[in-house]
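Participant: Read in order, the letters of the sequence shown correspond to residues 787 to 947 in my numbering.
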Amino acid sequence: MPQPKLATFPAIRTALRFYQICSIITGSMLLLLVVEMIVKYGMGYELFAGGSGGALWFQTVVEGQLQLTGGGLNLSTGILVAHGWFYVVYLFSCFRVWSLMRWPFPRFLLLALGGVIPLLSFFLEGYVARRVRAYLAEREAQHGAPPLGDGSTLTQTIDRP
């Protein structure tokens with residue numbers, strides 16, 4: 787299996803940080819979406835902001851049809867749309883880490899599942915960050931990259947065959 791070149795290690799660190807941020811945001815939005823679905827389909831309400839109901843208010847859903855919305859903004863739909871769009875950003879962050887690390891394709895699929903299975907993104911974020919950092923440190927130690935003051939190493943050296 788091909789290994790990442792030392793010259794790509796700074797890009798890997800940047801991609802990893804972006805992935806970590808996206809994992810937390812996507813996981814949080816997914817949990818919010820699960821709560822929203824429980825409230826909507828389990829209890830029969832949708833959340834609105836503004837309008838005649840006040841700052842935040844619930845509106846009854848009867849047989850899949852909303853009653854009058856009172857001119858408020860449907861936050862239930864907003865949560866759904868926001869998670870969907872941010873999932874695309876999350877997939878990009880997964881692809882970036884996956885491609886730079888040169889992992890097999892099933893690992894990309896596992897990372898992608900983090901945005902659709904509640905809580906999985908939180909576990910994957912920690913696991914992936916530990917694995918990538920350990921890998922980078924091991925490879926840099928093998929190639930004798932000099933350590934920097936913050937615990938990382940300088941990776942501007944060129945890979946040797």
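Here a beta-carbon is modelled for each residue, glycine too, at the ideal position from N, C-alpha and C.
Just so it is clear, the structure is predicted and the values come from calculations on it, not from any experiment.
With a 10 Å radius around its C-beta and 16 neighbouring C-beta atoms as the bar for buried, classify W842 as buried or exposed.
Facilitator: Taking the sequence shown and counting its residues from 1, the one referred to as residue 842 is at position 56. The sequence shown places Leu at residue 842, not Trp. It counts as exposed.
Participant: Give a yes or no on contact between the stretch 898 to 915 and the stretch 804 to 819, applying the rule of three or more CB pairs nearer than 8 Å.
Facilitator: yes
Participant: Going by DSSP in three states, W843 sits in which element: helix, strand or coil?
Facilitator: Your numbering for residue 843 matches position 57 in the sequence shown. Looking at W843 - three-state DSSP - the assignment turns out to be strand.
Participant: Using DSSP bridges, identify the partner residues of Y831.
Facilitator: Here residue 831 is taken as the residue at index 45 of the sequence shown, counted from 1. Answer is T846.
Participant: Are N860 and E822 closer than 8 Å when you measure CB to CB?
Facilitator: In the sequence shown, residue 860 corresponds to position 74, counting from 1. In the sequence shown, residue 822 corresponds to position 36, counting from 1. Going by C-beta atoms, N860 is not nearer than 8 Å to E822.
Participant: Assign L859 to one of three DSSP states: helix, strand, or coil.
Facilitator: Here the question's residue 859 lines up with position 73 in the sequence shown. Reduced to three states, the DSSP call for L859 is strand.
Participant: State the Cα-Cα distance for the pair A920 and L866, rounded to the nearest angstrom.
Facilitator: Within the sequence shown, numbered from 1, the residue matching residue 920 stands at position 134. Within the sequence shown, numbered from 1, the residue matching residue 866 stands at position 80. Those two C-alpha atoms are separated by around 36 Å.
Participant: Quick one: what's got a C-beta closer than 7 Å to L802's C-beta in the same chain, skipping five residues either side?
Facilitator: Numbered from its first residue, the sequence shown carries residue 802 at position 16. Hits under 7 Å: V883, A915 and V918.
Participant: What whole-angstrom Cβ distance do L957 and I798 have, given they're in contact under 8 Å?
Facilitator: The chain is shown from 787 up to 947; residue 957 falls before or after that span and cannot be answered.
Participant: Going along the chain, which residues of its own chain have a beta-carbon closer than 7 Å to the beta-carbon of H869, five neighbours each way excluded?
Facilitator: Residue numbering aside, residue 869 sits at position 83 when the sequence shown is read from its first letter. Same-chain partners within the cutoff: M815, L816 and L819.
Participant: Which two residues bound the contiguous alpha helix (DSSP H) that contains P904?
Facilitator: If you number the sequence shown from 1, residue 904 lands on position 118. Where P904 is concerned, there is no enclosing alpha helix (DSSP H), given that its DSSP letter is neither H nor E.
Participant: Give me the Cα-Cα distance between F894 and A793, rounded to the nearest whole angstrom.
Facilitator: Mapped onto the sequence shown, residue 894 falls at position 108. Mapped onto the sequence shown, residue 793 falls at position 7. C-alpha separation (whole angstroms): 22 Å.
Participant: Are the Cβ atoms of G828 and G858 separated by less than 8 Å?
Facilitator: On the sequence shown, residue 828 is found 42 positions in, with the first residue counted as 1. On the sequence shown, residue 858 is found 72 positions in, with the first residue counted as 1. No, Cβ-Cβ distance for G828 and G858 is not below 8 Å.
Participant: Does the distance from the CB of F795 to the CB of L922 come in under 8 Å?
Facilitator: Here the question's residue 795 lines up with position 9 in the sequence shown. Here the question's residue 922 lines up with position 136 in the sequence shown. Against a cut-off of 8 Å, the Cβ pair of L922 and F795 comes out as a contact.
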